Amino acid sequence: MGPPWNFRQSVLGNQIEMDMMMAIEENESLLRVGISFASMEARHRVSEALERNYERVRLRRLGKDPNV
Numbered sequence: 003m004g005p006p007w008n009f010r011q012s013v014l015g016n017q018i019e020m021d022m023m024m025a026i027e028e029n030e031s032l033l034r035v036g037i038s039f040a041s042m043e044a045r046h047r048v049s050e051a052l053e054r055n056y057e058r059v060r061l062r063r064l065g066k067d068p069n070v
């Protein structure tokens, strides 16, 4: 028997993707998201938000974080 996880893809719908995208943009600590978005806008904006979060971690590690 295989692992208990369910890796099947499902379509969430545009409004749910937009809601999730907005929640991810508001969260400054997320570095990874295990969701594939169908909407190009959601994919792009989530990618940008995660890049900002990675950059924030990088600057903090280098001691250059202006928000410390």
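Using my numbering, you'd call the opening residue of the sequence shown number 3 and step up by one each time. No residue lacks a Cβ here, since even glycine has one placed at the ideal position from N, Cα and C. In this text the structure is predicted, and so the values were computed from the model without any measurement.
Exercise. Please determine, among LEU61, ARG63 and VAL48, the residue with the shortest C-alpha to C-alpha distance to MET20.
Key: To locate residue 20, count along the sequence shown from 1; it is residue 18. Selected option, being the one with the closest Cα: VAL48.
Self-check item: LYS66 versus LEU32: straight-line alpha-carbon distance, rounded
Solution: Indexing the sequence shown from 1 puts residue 66 at position 64. Indexing the sequence shown from 1 puts residue 32 at position 30. Near 20 Å, if we compare the C-alpha coordinates of LEU32 and LYS66.
Practice problem: To the nearest angstrom, report how far apart GLU30 and LEU52 are at their CA atoms. | Solution: Numbered from its first residue, the sequence shown carries residue 30 at position 28. Numbered from its first residue, the sequence shown carries residue 52 at position 50. Near 8 Å, if we compare the C-alpha coordinates of LEU52 and GLU30.
Quiz item: What separation, rounded to the nearest whole angstrom, lies between the Cα atoms of MET22 and ARG62?
Solution: Your numbering for residue 22 matches position 20 in the sequence shown. Your numbering for residue 62 matches position 60 in the sequence shown. When rounded, the distance between both Cα atoms is 26 Å.
Quiz item: Can you round the beta-carbon distance between ASN16 and SER38 to whole angstroms, since I take them to be within the 8 Å contact cut?
Solution: The count along the sequence shown starts at 1 and reaches residue 16 at position 14. The count along the sequence shown starts at 1 and reaches residue 38 at position 36. In fact, because the Cβ distance is near 14 Å, the residues do not count as touching under 8 Å.
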